[in-house]
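In the numbering used here, the protein residues as written are -11 to 269.
Where a beta carbon is used, it is the ideal one built from N, C-alpha and C, also for glycine.
Accompanying notes for the structure given below.
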């Protein structure tokens, strides 16, 4: 008897296969971690050095040169670092997930398994780096003598939100990057541009409510909130900095809706393209 296995024949079987191949998540995530820091001098310490060095640059440029300050007496480096951690996770996960299918071309073209495992494991690897950088934030808080209060209990909710944003965007980009290789050049641009349109070095309420442009009055804050990381950064700062920073309910609600939309649409597009991955690659 000949058995033909095709991805996507039955949704029920597909999701069941995801559970059956759960060990593949751990294997791919562990392999990516080992490859990322293999033959490096600092090894796993790079997970801490990257956000640390970026925070130092932002502190010098925005805090010293541009004379920006944090609200409520919060040390400006902590203000930046609390935003840098979720942004660094999102940016790294987006970049790794976008290249995940191409980097696993041999595996995808030879063996059947739910392809969703590949970008998801890339996001999980970046999430491990994110957890390591939380240690850096803890050390910085001890250094400045500034400790979080009860609001830190809400932090897992915003961690889940940034994880969903990373996975949703990653699903879109990895499928698009496989079909249109131009995205290997577009993704770094998105990452660099997104850093400056996200409130990493400044407060969200510094964005004007209305922006006058070409004779039109545009709702600047509403447009600004469409960036899903805006609500995430506001939430991280609110949880970690004793509520001294602004938490805009509209921005958080917009982030939740945007993340859910990204995940649903990203999953739909990924599953739609999944059957042709082996042929395209």
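Compute the Euclidean distance between the alpha carbons of residue 25 and residue 48, then round it to the nearest angstrom. 28 Å
Cβ-Cβ distance between residue 107 and residue 153 below 8 Å: no
For residue 271, count the other beta carbons within 10 Å of its own beta carbon; 16 or more makes it buried, fewer makes it exposed. Which is it? No answer is possible for residue 271: the residues shown for the chain start at -11 and end at 269.
Might you give, ordered along the chain, the residues of its own chain that have their beta carbon closer than 6 Å to the beta carbon of residue -9, omitting 5 neighbours on each side? Reliability of the predicted coordinates at residue -9 is poor, the pLDDT of 45 falling under 50, and the value obtained from them is presented with this limitation in mind. Excluding sequence neighbours, residue -9 sits near nothing in its chain.
Which residues in the same chain have their Cβ closer than 8 Å to the Cβ of residue -5, if we skip the five residues on either side of it in sequence? Residue confidence is low: residue -5 scores 49 on pLDDT, short of 50, so the model does not pin down where it sits. No coordinate-derived value is stated.
Would you mind stating whether residue 283 and residue 229 have Cβ atoms separated by less than 8 Å? Absent from the model: residue 283. The displayed extent of the chain is -11 to 269, so no value can be given.
Which residue comes first and which comes last in the alpha helix (DSSP H) that contains residue 162? 143 to 167
In the DSSP assignment, the alpha helix (DSSP H) including residue 64 goes from what residue to what residue? 64 to 86
Please report the straight-line C-alpha distance between residue 124 and residue 175, rounded to a whole angstrom. 27 Å
C-alpha gap between residue 18 and residue 207, whole angstroms: 45 Å
Please tell me whether residue 166 and residue 265 are closer than 8 Å, where the distance is taken between their beta carbons. yes
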